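Heads up, the thing below is written out as structure tokens.
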Amino acid sequence: MPDPRPSPAGGQTAAIDVLMVGPLLPALADQVRQRYRAHHWWEAADPARLLAEHGERIRAIVTTARFGATRALIESLPRLEVIVSFGVGLDPIDMDAARERGIVVTNTPGVLEDCVADTAMSLVLSVSRRICELDRFVRSGGWRAATPPLGRRLAGRCCGILGLGSIGLKIARRAEAFGMEVAYHNRRPRQDAPAHYRYCPDLPTLAAHSAFLVLAVPGSAQTHRLVGAAILDALGPDGVLINVARGSVVDEAALVDALRDGRLGGAGLDVYQNEPEVPAALCAMDNVVLLPHVGGSTVETRQAMAQLFMRNLDGWFERRQPATPVT
Ligand code: 8YV
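In our numbering, the protein residues as written are 809 to 1135.
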């Protein structure tokens, strides 16, 4: 439905129709609505009717790394010029459909990597030192009756990183600061990586060598279910899986089985196969720490992402120059 409010600050952009696929941060959604004629796709009682009425005029899809843009949606908008996404992940955007039409896609790289790396290290620490479990132990009065269980130390143990990209590199630096050894697997060795980072030519080798296997690869057809039973077994009963990448990278049923059977030591997860659904079995396990996909969710990072998002949207319509185009 078009937002009924006028677009006072919109100036030249006020007459441009944009389709908001899902909810944005309230302040960012307000900015978009003040500057553009925004249609709320996810709230439409009859999405087909919304498209029939406004689709001909829509020139931008504004979306997030969660909601993306399907081929069907892209193909239904004949005047579509640009897809502006909040987040770095491109997996829910049909990039082929966008490329075929010459539609520009933008995301928000370079501003959320520190926070995602912090989240990864928070999970490493929380699982290894049993922070959440011990918090529950204190709150429930368990301390009066029993000695707290021991955690495992980080220093001297190996942090294995699947995907030494911009986020992976920041995770590596943090792991080093905790005295950990760093190993990684990419399709090929990263030339600018410090020489003491051990390159593993394949994922099973990395898993076998690591105490913590941290997933930092993009979600894609190439990374789909890369981590299954064999990799979890290579990580082993003392090993911990950390996922700040995408739920699609892990075979979640195999993960539950490995944890339940004690073939894997623990897991720290920020992402899941079918968000916001989390398997009940995981919720019942003490050696698992669960976050609700908050890798980049800090005030500072969200503000920086929102600014970059607007520089992409305005940059396209004012100068044909978005700040961070992907295509
Ligand atoms: C986003 C993410 O912050 O950027 C990404 O790819 O997965 C998240 O951390 C979130 O999806 C924004 O909607």
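Ideal Cβ placement from N, Cα and C applies to all residues, glycine included.
Predicted, not measured: the structure shown is a model, and the values here were computed from it.
Does any heavy atom of the ligand 8YV sit closer than 7 Å to the C-beta of residue i?
i: R1119; result: no
i: L1116; result: no
i: V896; result: yes
i: A873; result: yes
i: G1036; result: no
i: G1136; result: Outside the displayed range of the chain (809 to 1135) lies residue 1136, so it cannot be described from this structure.
i: G1103; result: yes
Taking the beta carbon of residue i as the centre, do at least 16 other beta carbons fall within 10 Å, making it buried, or is it exposed?
i: H1004; result: exposed
i: L1063; result: buried
i: W850; result: exposed
i: L1049; result: buried
i: A906; result: buried
i: E921; result: buried
i: R938; result: buried
In three-state terms, what does DSSP make of residue i?
i: E989; result: strand
i: A873; result: coil
i: R961; result: coil
i: D922; result: helix
i: L950; result: The identity of residue 950 in the sequence shown is Gly, whereas the question assumes Leu. Of the three classes helix, strand and coil, the one that applies to G950 here is helix, per DSSP.
i: V840; result: helix
i: P1100; result: coil
i: D825; result: strand
i: H848; result: strand
i: L1067; result: helix
i: C1091; result: helix
i: A1003; result: coil
i: E889; result: coil
i: T914; result: strand
i: P1133; result: strand
What residues in its chain sit with their C-beta under 8 Å from that of residue i, if we drop five residues either side in the sequence?
i: P812; result: Residue confidence is low: P812 scores 40 on pLDDT, short of 50, so the model does not pin down where it sits. No coordinate-derived value is stated.
Which residues in the same chain have their Cβ closer than 6 Å to the Cβ of residue i, if we skip the five residues on either side of it in sequence?
i: R1119; result: A1131
i: T871; result: V829, A877 and S893
i: A1015; result: L1021, I1039, A1042 and L1043
Worksheet item: Counting Cβ pairs, one atom from each stretch, are 3 or more of them under 8 Å apart for the stretch 1103-1120 and the stretch 829-842?
Response: yes
Worksheet entry | Sufficient close CB pairs (3 or more, under 8 Å) joining the stretch 987-1007 to the stretch 952-969 | yes
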